[in-house]
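Here is the structure we will look at, set down as structure tokens.
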Amino acid sequence: MGNLPPEAVLGTQQSAFELELARLIAAATNLDLAPEQIDPAAPLFGQGLGLDSIDMLEVALAVSQRYGFSLRSDDADNRTVFASLRNLAAHIDKHRTK
Amino acid sequence: MNGAPLLRGFAPGAPIGQRDRQTITWERLVSSASALAARLPSDGYCVNLCEDRLNFLLGFAAALMARSTSLLPQSRAPEVIRTLGGTYPGSVLLTDRSDQADSTLTGIDISEWPAGGETACVPEIPFAHEAALLFTSGSTGTPRPHVKTWLSLVRAAAAVQARLPLVPGSTLLGAVPAQHMWGFEMTVMLPLQSGCAVAAGCPLLPAEIAAALESLPSPLWLVATPLHLRACVTAGERLPPVAGVLSATAALPAELALAVEQRYRAPLFEIYGSTETGTLATRRPTQTAIFETLGEITLSNGSGVTVAQGGHLMEPVTLNDVLALHNETQFVFRGRTQDLVKIAGKRGSLAALNAELGQVPGVKDSAVWLREDDGRVEARLVAFAVAPGKNPHEILDHLRQRLDPVFLPRPLILVDSLPRNRAGKLSQESLRRLAATHGHGGPLQDAGKAQWQEVPAAHPALPFHFPGDPLVPGVWLLGLVENAVRERFGACLSVCGVPDARFRRVLRPAETFCITLDRVAVDRIKFSVDTANACIADGTLAVSERP
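The listed protein sequences correspond, in order, to chains A and B. Numbering follows this note's numbering, in which position 50 of the first sequence is assigned residue number 36; successive positions increment by one, without gaps. Take the position in the second sequence, starting the count at 1, then add 9; the result is the number in this note's numbering.
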């Protein structure tokens, strides 16, 4: 998570990058989510926010356009990337090219 | 016995499956399936939830050999499985993931294939055997079962094979689950009956589809949907050439078909069918709009509906779509019957969805509309609700408990009233307009929220413009549009011309209106000035960025 203070990473409060990503997800899925209220540790797909596989496609496309790399969800490791806003943010932070 | 073999077209030692760059021969499938069949109920039911396509194939083959019927639910939700177990007592649950176990059903994890004896004798399955039950769920209510006999499945697979340039020994990669009729026919029945292999995975995202294709031997066929294909084209992922692409579950626009054929350097075939009927017809969308029915299937129109019969259909079936018939085997797809929507291959009724919304406490009036023009990978539902004192999140929380996620409105818009006509009806156009006035009308994702404004009753320009009949001059409206552009896009973007503007109706003092902006290109913004039920003016602005 780069140079963010540890409490932003460990607590349930969103980091600045998690909020940026939450906004991207809300825009990509068109769901009436309040981006700042998405619990960064809670599941993104299935129960919880109710995001489905089409949303996952929309989010993946938006991420590839904004951050310049492709997401995958097709093995156990990749599935954990989509498990929560926090995991997704950490993964993007590590692999982004822009 | 009056029947057909489990599989045909395979040379000794030929692959039926590809997993992790490993080949699985048809002999291995038959011997493991025979060992598994001994543990399955005869004349019973097997709920096959396997996600890995080869595990699914193993479970399906074993069930056929045991004369069990495979149940293929559309959803893996625990309550769906429990209900299924209640309706079909004694069902066995075949899974390949430990988290799918259900305490009410006997579960068998088949991710480890049982070792079988030395078989290489292909079993014969009776034509009349009820091989599978598939379900149409819609959005609400009890799922309806559709029986697939072995005869109908084998006939449909043979007809599909006869239509496509698919050579034995090809490999099919499916991006749709085996439990869906389209996935079941093309990635389970078609390989079994055509001597082809199938890939184990079910990739979703463009990068996954590309990686899976790279790992598989040629000749290769991709079985997907317009949703996947649009995502692949949008993502611009590098893709290896394939021998063919099959698309179904929703109408495929011609320009997308063209883009897909260019990208994959392969013919694209669109398949028309439904869970009730299986595959009915095919076409090459880059060459023709006309679908041609398979084999012996014929269509007829009567009392406003189209009926299909013959071929693999065991009885005439009324279709849920509007087809323009050229003759009894050729037609053009016009759309679904008004009330039906299909999202992610799941069919729902707008009326049923709206009824669900109307039952949420606090909702006084509501409407559900399918928005198809916003450039997303899949059309989504937009819902409008009159619910004083409620916020959208409360209503959505309520709906989440009751609806399949694909049918959740994206977005839910709260309004003061719905633009019903005198008969109380809502037109598609009025809903489109209502969505636009709330900032959901344009193709670009940064379409902003519209702001309602009121013409001041004492605006000084008004009384003098047309004495006795005050109205808002067009130039004043354009000035407001220019202000709105500055507000939305910042001072760095300036309006440098109005290449096109139409004034459609007068705006009078004290009327409320809103301005919608849509940046359709770097140097163009489309604008629209609307009241709640009419368009006042629209057109295009030329804009330029200030350095």
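For every residue, glycine included, the Cβ atom is placed at its ideal position computed from N, Cα and C. What you are looking at is a predicted structure, and each value in this text was computed from that prediction instead of being measured.
Could you tell me which of the options sits nearest to residue i, measuring between CA atoms?
{"i": "residue 66 of chain B", "options": "B/413, B/262, B/26 and B/82", "result": "B/26"}
{"i": "residue 334 of chain B", "options": "B/326, B/284 and B/301", "result": "B/301"}
{"i": "residue 173 of chain B", "options": "B/109, B/125, B/253 and B/51", "result": "B/253"}
{"i": "residue 216 of chain B", "options": "A/1, A/47, A/76 and A/16", "result": "A/47"}
{"i": "residue 152 of chain B", "options": "B/234, B/82 and B/496", "result": "B/82"}
{"i": "residue 246 of chain B", "options": "B/523, B/230, B/234 and B/272", "result": "B/272"}
{"i": "residue 220 of chain B", "options": "B/517, B/30 and B/61", "result": "B/30"}
{"i": "residue 171 of chain B", "options": "B/304, B/520, B/496 and B/28", "result": "B/304"}
{"i": "residue 533 of chain B", "options": "B/180, B/552 and B/206", "result": "B/552"}
{"i": "residue 81 of chain A", "options": "A/19, A/43, A/52 and A/70", "result": "A/52"}
{"i": "residue 118 of chain B", "options": "B/57, B/440, B/33 and B/234", "result": "B/57"}
{"i": "residue 423 of chain B", "options": "B/11, B/371, B/102 and B/257", "result": "B/371"}
{"i": "residue 421 of chain B", "options": "B/404, B/430 and B/410", "result": "B/404"}
{"i": "residue 61 of chain B", "options": "B/51, B/100, B/199 and B/212", "result": "B/212"}
{"i": "residue 318 of chain B", "options": "B/237, B/196 and B/165", "result": "B/165"}
{"i": "residue 162 of chain B", "options": "B/536, B/195, B/179 and B/185", "result": "B/195"}
{"i": "residue 613 of chain B", "options": "A/7, A/37 and A/0", "result": "Any question about residue 613 of chain B goes unanswered here, given that chain B covers just 10 to 556."}
{"i": "residue 393 of chain B", "options": "B/482, B/376 and B/519", "result": "B/376"}
{"i": "residue 73 of chain B", "options": "B/41, B/98, B/95 and B/97", "result": "B/41"}
{"i": "residue 235 of chain B", "options": "B/262, B/326, B/94 and B/438", "result": "B/262"}
{"i": "residue 442 of chain B", "options": "B/523, B/515, B/327 and B/486", "result": "B/523"}
{"i": "residue 101 of chain B", "options": "B/110, B/407, B/238 and B/115", "result": "B/115"}
{"i": "residue 87 of chain B", "options": "B/76, B/104, B/78 and B/71", "result": "B/104"}
{"i": "residue 14 of chain A", "options": "B/419, B/513 and B/463", "result": "B/419"}
{"i": "residue 508 of chain B", "options": "B/548, B/502, B/482 and B/487", "result": "B/548"}
{"i": "residue 95 of chain B", "options": "B/113, B/282 and B/84", "result": "B/113"}
{"i": "residue 45 of chain A", "options": "A/23, A/70, A/63 and A/27", "result": "A/70"}
{"i": "residue 322 of chain B", "options": "B/373, B/283, B/354 and B/341", "result": "B/283"}
{"i": "residue 280 of chain B", "options": "B/268, B/264 and B/298", "result": "B/298"}
So what does DSSP say about residue i, is it helix, strand or coil?
{"i": "residue 539 of chain B", "result": "strand"}
{"i": "residue 65 of chain A", "result": "helix"}
{"i": "residue 122 of chain B", "result": "coil"}
{"i": "residue -2 of chain A", "result": "coil"}
{"i": "residue 406 of chain B", "result": "helix"}
{"i": "residue 57 of chain B", "result": "strand"}
{"i": "residue 31 of chain B", "result": "strand"}
{"i": "residue 18 of chain B", "result": "coil"}
{"i": "residue 80 of chain A", "result": "helix"}
{"i": "residue 282 of chain B", "result": "strand"}
{"i": "residue 225 of chain B", "result": "coil"}
{"i": "residue 359 of chain B", "result": "helix"}
{"i": "residue 368 of chain B", "result": "coil"}
{"i": "residue 16 of chain A", "result": "coil"}
{"i": "residue 8 of chain A", "result": "helix"}
{"i": "residue 315 of chain B", "result": "strand"}
{"i": "residue 320 of chain B", "result": "coil"}
Could you give the distance in angstroms between the alpha-carbon of residue i and the alpha-carbon of residue j?
{"i": "residue 346 of chain B", "j": "residue 395 of chain B", "result": "27 Å"}
{"i": "residue 74 of chain A", "j": "residue 182 of chain B", "result": "27 Å"}
{"i": "residue 79 of chain A", "j": "residue 5 of chain A", "result": "13 Å"}
{"i": "residue 510 of chain B", "j": "residue 528 of chain B", "result": "16 Å"}
{"i": "residue 491 of chain B", "j": "residue 187 of chain B", "result": "54 Å"}
{"i": "residue 415 of chain B", "j": "residue 68 of chain B", "result": "28 Å"}
{"i": "residue 452 of chain B", "j": "residue 445 of chain B", "result": "Bear in mind that the predicted position of residue 452 of chain B carries a pLDDT of just 36, short of 50, making it unreliable; the figure below should be weighed with that in mind. Near 11 Å, if we compare the C-alpha coordinates of residue 445 of chain B and residue 452 of chain B."}
{"i": "residue 37 of chain B", "j": "residue 369 of chain B", "result": "53 Å"}
{"i": "residue 401 of chain B", "j": "residue 21 of chain A", "result": "14 Å"}
{"i": "residue 83 of chain A", "j": "residue 11 of chain A", "result": "19 Å"}
{"i": "residue 46 of chain B", "j": "residue 224 of chain B", "result": "31 Å"}
{"i": "residue 288 of chain B", "j": "residue 296 of chain B", "result": "20 Å"}
{"i": "residue 106 of chain B", "j": "residue 121 of chain B", "result": "11 Å"}
{"i": "residue 206 of chain B", "j": "residue 251 of chain B", "result": "15 Å"}
{"i": "residue 545 of chain B", "j": "residue 256 of chain B", "result": "42 Å"}
{"i": "residue 13 of chain B", "j": "residue 108 of chain B", "result": "36 Å"}
{"i": "residue 494 of chain B", "j": "residue 80 of chain B", "result": "56 Å"}
{"i": "residue 380 of chain B", "j": "residue 28 of chain B", "result": "39 Å"}
{"i": "residue 484 of chain B", "j": "residue 440 of chain B", "result": "28 Å"}
{"i": "residue 190 of chain B", "j": "residue 92 of chain B", "result": "20 Å"}
{"i": "residue 331 of chain B", "j": "residue 240 of chain B", "result": "27 Å"}
{"i": "residue 293 of chain B", "j": "residue 16 of chain B", "result": "28 Å"}
{"i": "residue 274 of chain B", "j": "residue 214 of chain B", "result": "20 Å"}
{"i": "residue 454 of chain B", "j": "residue 486 of chain B", "result": "Note on residue 454 of chain B: pLDDT 31, under 50, position unreliable in the model; no value is reported."}
Residues, ordered as in the chain, of the stretch -1 to 20 of chain A that lie near chain B by beta-carbon distance below 9 Å
13, 14, 15, 16, 17, 18, 19 and 20
If you measure beta-carbon to beta-carbon, which residues of the stretch 321 to 342 of chain B are closer than 8 Å to chain A?
Taking 8 Å as the Cβ-Cβ cut-off, the stretch 321 to 342 of chain B has no residue approaching chain A.
Going along the stretch 196 to 212 of chain B in order, which residues come within less than 9 Å of chain A, judged by CB to CB distance?
210, 211 and 212
Closer than 9 Å between beta carbons: that is the criterion. Which residues of the stretch 37 to 54 of chain A meet it against chain B?
37, 38, 39, 40, 41, 42, 43, 44, 46, 47, 48, 50 and 51
Residues in the stretch 60 to 82 of chain A having any Cβ partner in chain B nearer than 8 Å:
60
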